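What follows is one structure encoded as structure tokens, with my remarks underneath.
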Amino acid sequence: MSDKVSGPFRYGGLWLLAALVMSLSVYVLNGGLLYYFDTAGYMIQGLNTLEILNLLPAQAAAGEGGGGGGAQVDTGNTVNGSRSLFYGLIVAGLTSFARLELIMVLGFATIFASVWLLLRVVQRADQVALSPIAVAGASVFVACFGALPFYLAYVMPDILAPVLILVIALLAGYANRMNVWELALALVLGFAAVLSHPSHLAIAGLSIPVVAVIAAFVQRRSFWIAPALIGVLVLGAVAERQVFKSQVTERTGSAVVYNPYITARLIQDGPAYAYLADHCPDAAIATCALYEALQNSDDPMRLTASHIIFEKTEQLGSLRHLDDQAQKAIGDEQYRFFFSVLMNRPVHTIGALLGNTLEQASHFGVYQTIPNDNARRNVLESAKIPDDTFIDGRLRRDQGWNNPVYVFQTALYAVSLVVILALLIKPSPVSGRMKAVAAMLVLGILINAFVCGGLSQPAARYGARVIWLLPLMAVILLGVSRAQVLRSGTMGQPQ
-13 MSDKVSGPFR YGGLWLLAAL VMSLSVYVLN GGLLYYFDTA GYMIQGLNTL
37 EILNLLPAQA AAGEGGGGGG AQVDTGNTVN GSRSLFYGLI VAGLTSFARL
87 ELIMVLGFAT IFASVWLLLR VVQRADQVAL SPIAVAGASV FVACFGALPF
137 YLAYVMPDIL APVLILVIAL LAGYANRMNV WELALALVLG FAAVLSHPSH
187 LAIAGLSIPV VAVIAAFVQR RSFWIAPALI GVLVLGAVAE RQVFKSQVTE
237 RTGSAVVYNP YITARLIQDG PAYAYLADHC PDAAIATCAL YEALQNSDDP
287 MRLTASHIIF EKTEQLGSLR HLDDQAQKAI GDEQYRFFFS VLMNRPVHTI
337 GALLGNTLEQ ASHFGVYQTI PNDNARRNVL ESAKIPDDTF IDGRLRRDQG
387 WNNPVYVFQT ALYAVSLVVI LALLIKPSPV SGRMKAVAAM LVLGILINAF
437 VCGGLSQPAA RYGARVIWLL PLMAVILLGV SRAQVLRSGT MGQPQ
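The numbers in the working numbering rise by one with no breaks, and the one at position 368 of the sequence shown is 354.
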């Protein structure tokens, strides 16, 4: 077999350079980084932690954050545990000791490493003559015509969700063919992803049975390796949460409080509100306190998940009107409360979950990466964040580009999905293992939609963060397919 790489996928250095330049396109066009209203929350959480660890002078994190969503410590007695300390330390560390713009370098490095690792394993395990750097560079370059460069410039942990899906997909197809260092790198990338946001942990957990089924077809008796490794990621992330909780209590004397996203979503969809109407008041159900708070207004907007979680006004607020102990009890109860509602109203609850998942799957515009007025106030007016960290960028001031970009990206994603499905369904040179990777990647996008839309709230931000994996995978499949064809054509030729 000839190992010579020819055609468009042979110029590894050029493709890598092109991908890197394209990945910076949104940052350059905007004139600075993008941010969300909760970016300040991650930053302040990290700064507070660095101060507690005596890694920052006290005055560096002494100010109060601006806006309702920005502060990590809600009062002197509670700490919000719904944000990732891991990601908060990254952004705070870069801001304090280097430049926050390096977050784009880290994001690009993790994305490229994930794609390169996949192709390196495919090259070795399937014995195909391809350049992992070239195909990885070409696929990332094409993905940059989608949402990828927006998320590389976006100071939120969303960029690590696609990294997790890529790692999961790789393990589903090739776990039993990977050597030790490849598995180690996959686990490092996976751990970074699951530690960066609670939704990533949920994606990893829900993917385990799906991965087990897919791996059973291509890895046979060794099928258990892939779900076991993903289980290690999940257990590691759960352990990190427990350590975080114990350290917060030990060092600050505060209680860790989690936002009840699942409860708020179920209330908005209806089954939880009806359940509470039937069962409250009941001292055994902590969420009854939230139900009572919701009765203080008849504005229908008070029942939306975002208003339940964050709003503080008399007209629309509810959760934030309760004392710390009640808020903590509601957050701690949300998983148990979910199953109580599910058992009581299974059809209504399952219908709501599926409906939200489908709605989420159709939302993938990049407009939510552009700061709105609330995000601008929360971040730019925060006393704790250095003044030169963020700017009021060009993309926010003039958004006439949004609709044309949405139309173009929608077409790109549709064509990419057709290419992927064609190579999966029709006979092709792509190996069964590589097809398993592609299938798991598509299913991973749907699991993301279920977690974010079904269990939280459908939002374009959650869909766009992973949808660009479609053009990425389409190019990977085309590159691998071409390499397999070249391999078949050279079999039996004299060397």
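We put the CB at the ideal spot given by N, CA and C, even for glycine. Just so it is clear, the structure is predicted and the values come from calculations on it, not from any experiment.
9 angstroms or more divides the Cβ of H307 from the Cβ of A272. Judged by DSSP secondary structure, T64 falls within the beta strand (DSSP E) whose first and last residues are 64 to 66. In the three-state DSSP reduction, L20 falls in the strand class (E or B). The Cβ neighbour count for L409, taken over all protein chains shown within 10 Å, is at least 16; the residue is labelled buried.
DSSP, read as helix, strand or coil, puts V327 in helix. Taking all protein chains in view, the Cβ of T235 is surrounded by fewer than 16 other Cβ atoms within 10 Å, so the residue is classified as exposed. Between the segment 411 to 423 and the segment 146 to 162 there are three or more C-beta pairs closer than 8 angstroms, enough to call the two in contact.
DSSP places A260 inside the alpha helix (DSSP H), whose first and last residues are 257 to 265. As DSSP reads the structure, Y140 sits in a beta bridge with L20. Closest in C-alpha terms to F72, from the list P357, N34, F94, comes N34.
Of all C-beta pairs linking the segment 286 to 303 to the segment 222 to 229, fewer than three are shorter than 8 angstroms, placing the two stretches out of contact. Under DSSP, the beta-bridge partners assigned to A241 are T64.
Scanning the segment 72 to 145 for uninterrupted alpha helix (DSSP H) segments of 4 residues or longer gives 88 to 111, 118 to 129, 134 to 138, listed from N- to C-terminal end. The shortest C-alpha to C-alpha distance from V218 to any of Y259, I154, Q31, Y244 is the one to I154. Going by DSSP, S70 is part of no alpha helix (DSSP H) at all; its letter is neither H nor E. DSSP, read as helix, strand or coil, puts W167 in helix.
For the set N358, I189, S467, the Cα lying nearest the Cα of K412 is the one of S467.
If you draw a straight line from the Cα of L19 to the Cα of A361, it is about 13 angstroms long. In this chain, the alpha helix (DSSP H) harbouring K421 covers 418 to 435. Collapsing the DSSP output to three states places T25 in a helix. Taking C-alpha positions only, Q113 is separated from L103 by approximately 15 angstroms.
Here the alpha carbons of Y353 and Q395 stand approximately 12 angstroms from one another.
The shortest CA-to-CA distance from L464 to any of S82, S402, A275 is the one to S402. Per DSSP, the continuous alpha helix (DSSP H) segment holding H293 begins and ends at 291 to 296. DSSP places V196 in the uninterrupted alpha helix (DSSP H) bounded by 184 to 204. In this structure Y321 is exposed. Its beta-carbon is surrounded by fewer than 16 other beta-carbon atoms within 10 angstroms.
The C-beta distance from L276 to L305 rounds to 6 angstroms, short enough to meet the 8 angstroms contact threshold. The C-alpha of V174 is placed about 24 angstroms away from the C-alpha of A124. By the Cβ-count criterion, Q205 is buried, with 16 or more other Cβ atoms from all chains shown falling within 10 Å of its own Cβ.
In the same chain as V149, and ignoring 5 residues on each side of it, the C-beta atoms closer than 6 angstroms to its own belong to T96, S100, L175, A179, in chain order. Three or more beta-carbon pairs separated by less than 8 angstroms link the segment 1 to 10 to the segment 118 to 135, which places the two stretches in contact. Setting aside the 5 residues that flank it on each side, N16 is surrounded in the same chain by A139, G379, R380, L381, each with a C-beta closer than 7 angstroms to its C-beta; the list follows chain order. If only complete runs of 4 or more residues are kept, the segment 319 to 396 shows the alpha helix (DSSP H) at 332 to 347, 359 to 366, 380 to 383, in order along the chain. Just so you know, the alpha carbons of F323 and A115 end up roughly 53 angstroms apart.
For S68, the closest C-alpha among the options I462, S442, A258 is that of S442. Its chain contains V327, N330 as the residues whose beta carbon lies nearer than 6 angstroms to that of Y261, once the 5 sequence neighbours on both sides are disregarded; these appear in chain order.
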